[in-house]
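A quick write-up on the structure given underneath.
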Amino acid sequence: MAQHCNSSLIRTRPDPRKVKTGCRTCKIRKKKCDEGRPSCQRCLSTGRVCDGYGVWGGGNNPFNQHPSSQISLFTGKEPGLTSKGSLISPTAAQKLFPLHLVSADEHICMEWFIHRTATKLPGAFTSDFWTTLLPQASYSEPAVLHAIITLASIHKRQVLDLTTCADTSELFALQHYTRATGDLRRKIETRSRTSTQVALIACAIFVQLEYLRGCYQTALTHLRHGLVLLEDQAHANNGDHVNVEPGILQIFTTMFIQARLLGQDVGGPRALLALNQEVKPVDGTFQSAWHARLSLEYTLLQVFDMHDQVQPSRRSSISSSGHSCPPGFNVYERSTHLLIELDTWLAACEMTVAQVRKLPRTISSALALFGLRLLHVYRLVACIMIADCTSAMSSRSPTDSATSSSILPSSAAAVQSISSSQESSTNSSPNSSTTSDRCHNEQHSYSSQPQSPCLAGNTEPLFHAINDQSRTLYKLAHNATIEKYRSRHNSDNYSTSTSIADMGWIAPLYFTAINGPTTNIRRDAIDSLHCSLHREGVFNAVLVAMVAERVLEIEHNSHRTHRKSVAGESGKSCHQAEVSSPPDKYRVTDVQVDLPEGPDGILLLKYSICSNDLGTDPWVKRQSVYDLRTSRWTSDCEIAI
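532 is the number that the UniProt record's numbering gives to position 532 of the sequence shown; each next residue is one higher, with no gaps.
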């Protein structure tokens, strides 16, 4: 009886119901949240700061509005970096994932993602998308969780070369891929506040896993769908502030720039320009390498936008259709504005490098210097693209040509500042005593070689600088400090995967191999591509090197055929030495690469070239076919324009 009375007096507190959707302030206080937007009324009514809803935004904390852009000065704290300059530890990231909700096999894939995938794919820049956004979203969104498991499974199979259990691993990935798409479809049908965010996150993961599989067309389809969603967001808000997670915008911006540099049709940059915020230097310097990257990427989007408006004019100049740029568009004023922005960026970047050199030599400072050097190469690409646009307009009238000649020297002169900055950066980088010996700092004597028909001004030094700096980046990637970073964050069994999702030196090298003014410069870039043998998002070094070689071969064959024809008509022998670069009229233009759909598919190289016939339209459109199964070019034929 006593025992019964005592037991009846014992009060058992019911377990509080755990809700996944409250604001972070209410979760900490263990209070029921009314989930008001942008800030919950419970926090506002009590005078508290609402910290919002994690990756889904909201809140009235001024220090938590855009975490990806809240970058401190160089105290070693980039996005995803701790105060000591190291990445968020796998243990900390592990706490963000719902590992207790998955099966044993899924748990293994999640562990792989935490320790390998999330530390490898971001490349030299650590993004909140991989370190924070994906772990948080996977906790509450099944579509994101299964997409991450699929990505990790594919990445693990490729790294470990699991040929013995390939069928089982492929089936496992396919099952979770199907579950991810099914959950995503149901999420979109609800049309909730978070459905667009979830769709964009899952879409970005789908793009990366299809790149890893070699299914490029499917990946580009996912990318286009994601860009359409972002465009809808931009139009729906009519230029007002759009609450899209900065990490999502950044990864789509990177994927867009990569695809456009490879000549893929993924639309224009207008939506990304409307959604992204222009990043300016603060007091003449950048707060971090990440800050400098955001600033340069925004300028690159502007360059692509100008290129899209000039491109129809260039094509019309070939066909003499009389097409002009949109009314009110002045390519020279815009080029001047963009070159000034690039000069401002360079000055701020040099100040940032000087600040980094004053810091202790840590993993963070080594990665920062590497990232800033990489950004310099993309700045060179932007300068050449601006010269490309002004050249297209200068060919239309003598007045335009005179105007463009006053603009382009700034980009040619800028390379001298870049070269001196890069040389000093090399000598002051970590392990400079060994690194500087391996870097290529030799001086070039620039001879007057034939220029590409799409370029204006003396851009040859810019292309030389791209080749030199790309070789330096390749050497620095094996720097002891960088290797220390890799071994620390990939545990003892360092991942041998050569794929990253972020920007690298392959895109600038491919740009040089296709557009370089001389054969020597282009072959130099192709040789560097052959040495790389890795992938950077949509860029596969093996494939793009093969494409660049084919383009060079087509140009030389066309010139050789024409020389033999002329020699035959005149009755003279054609035994003179081969010229280093074919004349401009034999250069290939409008290069378009249709990437394969699968590792055993076919690649199509479409291009325009001047025919040897004296017809009304000497430009013809041709297509070369490359079979990945046989590793051979199988055909080359003329196609309809």
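Built from N, CA and C at the ideal position, the CB exists for glycine as well.
For residue i, is the classification buried or exposed, using 16 other Cβ atoms within 10 angstroms of its Cβ as the cut-off for buried?
| i | result |
| --- | --- |
| L174 | exposed |
| E638 | exposed |
| G504 | buried |
| G530 | The amino acid occupying residue 530 in the given sequence is His; Gly does not appear at that position. Exposed is the call here. |
| S631 | exposed |
| I506 | buried |
| L543 | buried |
| C574 | Unreliable placement is indicated for C574, whose pLDDT of 46 sits below 50; no coordinate value is reported for it. |
| K187 | buried |
| A124 | buried |
| R191 | exposed |
| A382 | buried |
| T132 | buried |
| G22 | buried |
| S288 | buried |
| P461 | buried |
| N540 | buried |
| T117 | buried |
| T459 | buried |
| A513 | buried |
| A368 | buried |
| E189 | exposed |
Pull up the CB-CB distance for residue i and residue j, whole angstroms please, since I reckon it's below 8 Å.
| i | j | result |
| --- | --- | --- |
| E278 | V198 | Contact doesn't hold; Cβ gap of about 28 Å is too wide. |
| L359 | A292 | No, L359 and A292 are not in contact; Cβ-Cβ is about 16 Å, not under 8 Å. |
| M306 | C389 | 5 Å |
| G516 | A525 | 6 Å |
| T519 | L552 | 7 Å |
| A545 | R522 | Rounded, the Cβ-Cβ distance is 11 Å, inconsistent with contact. |
| S169 | S153 | 6 Å |
| L338 | R379 | Rounded, the Cβ-Cβ distance is 11 Å, inconsistent with contact. |
| S103 | I251 | That belief does not hold up - the Cβ atoms of S103 and I251 are roughly 28 Å apart, past 8 Å. |
Below 6 Å CB to CB, which residues in the same chain sit around residue i once its five sequence neighbours on both sides are set aside?
| i | result |
| --- | --- |
| R315 | Note on R315: pLDDT 42, under 50, position unreliable in the model; the coordinate value appears next. There are no such residues. |
| L476 | F370 |
| S611 | P618, V620 |
| A501 | L121, Q208, G537 |
| Q41 | D34 |
| K156 | W112 |
| A640 | none |
Pick out whichever of the options has its Cα sitting closest to the Cα of residue i.
| i | options | result |
| --- | --- | --- |
| M110 | A137, T150, D128 | T150 |
| H376 | C215, N515, I466 | I466 |
| V353 | T336, L160, W290 | W290 |
| Q592 | E341, T472, A259, R560 | A259 |
| H146 | T178, W112, L509 | T178 |
| V282 | L273, A274, R270, S295 | S295 |
| T285 | Y607, L261, L346 | L346 |
| Y607 | T561, D161, P246, D590 | D590 |
| F113 | V144, I148, A104 | I148 |
| Y298 | T336, E189, L249 | L249 |
| A180 | H337, A143, R334 | A143 |
| S532 | P508, I514, N520, D167 | P508 |
| E245 | S195, L223, I257 | S195 |
| T472 | L374, V547, A545, M546 | L374 |
| residue 644 | E189, D161, I205 | It is not possible to answer for residue 644, since the shown part of the chain is limited to 1 through 641. |
| L134 | Q355, G247, S335, Q264 | G247 |
| L262 | D594, R622, T126 | D594 |
| L200 | H225, T221, E210, R213 | H225 |
Who are the near neighbours of residue i in its chain, counting only those whose CB is closer than 8 Å to its CB and skipping five residues on each side?
| i | result |
| --- | --- |
| R550 | L605, S624, Y626, W633 |
| H559 | V579, P582, P583, Y586 |
| E597 | C215, Y216, Q217, T218 |
| D636 | I554, R622, Q623, S624, V625 |
Looking only at its own chain, which residues have a Cβ that is under 7 Å from the Cβ of residue i, when we skip the five neighbours before and after it?
| i | result |
| --- | --- |
| D308 | G268 |
| E555 | P582, Y586, R587, V588 |
| F329 | Q309 |
| M385 | V303, H307 |
| A271 | L227, L230, E231, A234 |
| T496 | Any reading at T496 must be qualified, since the residue scores a pLDDT of 41, below 50, and its modelled position is unreliable; the value itself is stated next. Around T496: V159. |
| residue 666 | As displayed, the chain neither begins before 1 nor continues past 641, which places residue 666 out of reach and without an answer. |
| L223 | V207, M255, A259, V266 |
| R29 | none |
| F172 | D105, S153 |
Answer yes or no: does any C-beta atom of chain D fall closer than 9 Å to that of residue i?
| i | result |
| --- | --- |
| W345 | Structure shown: chain D not included; a single protein chain is present. |
*Can you give, in chain order, each stretch of the alpha helix (DSSP H) that sits fully within the stretch 158–212 and has at least 4 residues?*
Counting only runs of 4 or more residues that sit fully inside the stretch 158–212, the alpha helix (DSSP H) segments are 166–190, in chain order.
*Start-end ranges of the alpha helix (DSSP H) lying completely within the stretch 203–288, minimum 4 residues*: Runs of the alpha helix (DSSP H) spanning 4 or more residues and lying entirely within the stretch 203–288 occur at 216–237, 246–261, 270–275, in chain order.
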